[in-house]
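Only one structure is covered here, and it is reproduced in the block below.
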Amino acid sequence: MATVRRVLPDGLTVSTLLSAKGAQLKFWTTQTNASAEEKVLKISGTVDQLRTNLAAYYGLDLTVIPRAHEVTVPTIDESIRDRQWADFVALGAEWKSTVEAGKVFHLLTSSIRSTPPASTDSTGGAHQEDIHPITLPADNLSAHAHDSNITSASTGHDLHSPDTNTPASLHEAALLHNLSQVVEGLERCEGLRDIVEQVESGKVAEIRARYGPAEGRRGTADAAWPRFRNIVSKRERLYRILKEEFSGDKERFFSFFSVSSVTKKRKRPQDEPVAPEERFRSFRKIVEAAPWCEADVLAERQKEQYYGADGEFCRTLWDERWGAMNLWEVWRSMEKEHYEKKKDSI
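Following this note's numbering, the numbering of the sequence shown begins with 1 at its first residue and continues without gaps.
What follows is the structure in structure tokens.
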């Protein structure tokens, strides 16, 4: 029987499979199930089980270790970010498939048991017991989107199970909490270079593909999409300015949107001069200013001096005046460039 050749997920090799941790293994498992359009591998299990299942499915021999080659070791921050991202993607995919199947997604395997029936007034009266907060362990905090304290009677009873309608809403809240952490991670990067890097890394496109409609189209979106819409769309619009107006020329792009900064003074005359800190305009201000830029330049294009005898717009006449300038460079040359909304604008 001929061996079926399966396409390996990005980054999956014998070497990476042997060194991968649980989050990465679950991510590859999720990708495998998505490619197969059915659940061919279990996403739960020990690290060794996940590794063995992936190796068996793709026909990889883990006893044959490829010759080591020199690789670039990621920084601590990059490594942490990548692991967090892989874990979030795996969690999101598992949650989505569970909800689509009409089941409740359990983030935690709870050992909480029900309390015995409480006494009532008719059976001798309810006990007047002091109420004390019980603090959840630190490793469980991230799974709850609300208060970290749960009240319980001080008599030593086990915590009672929540109402039957509570788990689903609790898990939804916990998922939204995790989504909030991803949003916070994206918003933490405000620098122009960081935003461009976010888009080019594929993280922004991955969020849109997983939760939103296709770029530039209206369509069905995931319930979590409203939390990502502005974050994703503003980064996409900024990147379009780079690609379309600056033809992908990053140095020209960064130079145009840089702002002057004062060079720090030397503490002592013999000290080496300190280079000025690189500073750029806020990417949000740039995106907000784009419609103003387009409107001002369009108004300039409507002037009679750029139209030929046939009454049509003449690109040659435009180029004679503005040369190879793009929209933003023309806007600046017109001395109309601004990044704050004018008071008289509607």
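Don't be surprised by glycine CBs; every beta carbon is placed ideally from N, CA and C.
Judged by DSSP in its simplified three-state form, Y306 adopts helix.
Separation of the CB atoms of I43 and T52 is rounded to 14 Å, and the pair is thereby denied contact status at 8 Å. Taking the CA atoms as reference points, A324 sits about 12 Å from S333. By the beta-carbon neighbour count (other beta carbons within 10 angstroms, threshold 16), E245 is buried.
For S258, the three-state secondary structure derived from DSSP is strand. With contacts defined by Cβ atoms closer than 8 Å, T98 and Y57 do not form a contacting pair. As DSSP reads the structure, F246 sits in no beta bridge.
Pairwise C-beta distances place the region 232–244 in contact with the region 282–294, as three or more of them are shorter than 8 Å. Going by C-alpha positions, I286 is about 10 Å away from F280. Within the same chain, L192, I195, L238 come within 6 Å of F283 by CB-CB distance, once the 5 residues on both sides are set aside. V7 and V40 have their C-alpha atoms some 14 Å from each other.
For R279, no alpha helix (DSSP H) run applies, since DSSP gives it neither H nor E. Per the coordinates, the alpha-carbon of P226 lies some 16 Å from the alpha-carbon of G92. Across the set D296, T46, K303, the C-alpha of K303 shows the shortest separation from the C-alpha of F313. Taking W28 as reference, the option from W95, L54, G212, C189 with the minimal CA-CA separation is L54. Straight-line spacing of the CA atoms in E94 and T316 works out to 57 Å. The bridge partners DSSP lists for F228 come to none. Following the DSSP letters along the chain, one finds N33 inside the alpha helix (DSSP H) bounded by residues 22–36.
Within the DSSP secondary-structure output, F313 pairs in a beta bridge with Y307. Rounded to the nearest angstrom, the gap between the Cα atoms of K234 and L60 is 42 Å. Pairing L50 with L25 gives a Cβ-Cβ distance under 8 Å. Annotated three-state conformation of Y57 is helix, per DSSP. Annotation for R284: the continuous alpha helix (DSSP H) segment containing it runs 283–301.
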